[in-house]
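Novice: According to the working numbering, the sequence shown holds residues 614 to 730 in order.
Where a beta carbon is used, it is the ideal one built from N, C-alpha and C, also for glycine.
Sharing a structure with you now.
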Amino acid sequence: MKAQPDADKTLNMILSRLDDMKAEETITIDLRGKSAFSDYMIVTTGRANRHVGAIAENVTKALKENGIRNIHVEGLPNCDWVLIDSGDVVVHVFRPEVREFYNLERLWTQNPAAAAI
Numbered sequence: 614m615k616a617q618p619d620a621d622k623t624l625n626m627i628l629s630r631l632d633d634m635k636a637e638e639t640i641t642i643d644l645r646g647k648s649a650f651s652d653y654m655i656v657t658t659g660r661a662n663r664h665v666g667a668i669a670e671n672v673t674k675a676l677k678e679n680g681i682r683n684i685h686v687e688g689l690p691n692c693d694w695v696l697i698d699s700g701d702v703v704v705h706v707f708r709p710e711v712r713e714f715y716n717l718e719r720l721w722t723q724n725p726a727a728a729a730i
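Below you can see the structure in the form of C-alpha cells.
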C-alpha cells in the first residue's frame, strides 16, 4: 500500500486530469489556514451531464491509482454537481448553470471584512 501523497502532489495530479478531460473554467482555492477540512478546493465545469460524469470518474480513478484511499464521491448518479473529497483536495464538478446558481467560488474567495460592512 502506497503512502498518502501530499496535498500539492494530489492537487497537481487532479489539475492535470481535469486538463486532459477538457474541464472548463477550472479554479483552485487555497484553503490552508481558512479551513480544517481540506487544503485545496477545485471548482470546474463540464459541458453536459455526461461530461461531468466522465470528468468525475476519471479524477476518482486517478486518485485511486495514486494510492489515495477513502475517497468520498457524491452526485454521480445525476451528474449536475459531483463532489469528490480526497481529504487534502476537494473537487466540485458542475454543469454550467448549476455552477452559476451555487457560485461556490464567491463564497470561498470573498473578503470577509467587506462582507460584514
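Determine the DSSP secondary structure at I642, reduced to helix, strand or coil.
Specialist: By 1-based counting over the sequence shown, the position of residue 642 is 29. Strand, per DSSP.
Novice: Between the beta-carbon of T658 and the beta-carbon of I697, is there less than 8 Å?
Specialist: Indexing the sequence shown from 1 puts residue 658 at position 45. Indexing the sequence shown from 1 puts residue 697 at position 84. No, they are not a contact pair.
Novice: Under the three-state reduction of DSSP, which class applies to D698: helix, strand or coil?
Specialist: Residue 698 sits at position 85 when you count from the first residue of the sequence shown. In the structure shown, D698 sits in a strand (DSSP, three-state: E or B).
Novice: Measuring straight from C-alpha to C-alpha, what distance separates D619 and V711?
Specialist: For the purposes of this step, residue 619 is identified with residue 6 of the sequence shown, where counting begins at 1. For the purposes of this step, residue 711 is identified with residue 98 of the sequence shown, where counting begins at 1. Using only the alpha carbons, I get a separation of about 31 Å.
Novice: Straight-line CA distance for G680 to M626?
Specialist: The sequence position of residue 680 within the sequence shown is 67, counting from 1. The sequence position of residue 626 within the sequence shown is 13, counting from 1. So the alpha carbons of these two residues sit roughly 12 Å apart.
Novice: With a Cβ-Cβ cutoff of 8 Å, do V656 and I640 count as a contact?
Specialist: For the purposes of this step, residue 656 is taken as the residue at position 43 of the sequence shown. For the purposes of this step, residue 640 is taken as the residue at position 27 of the sequence shown. Cβ distance < 8 Å, so V656 and I640 count as in contact.
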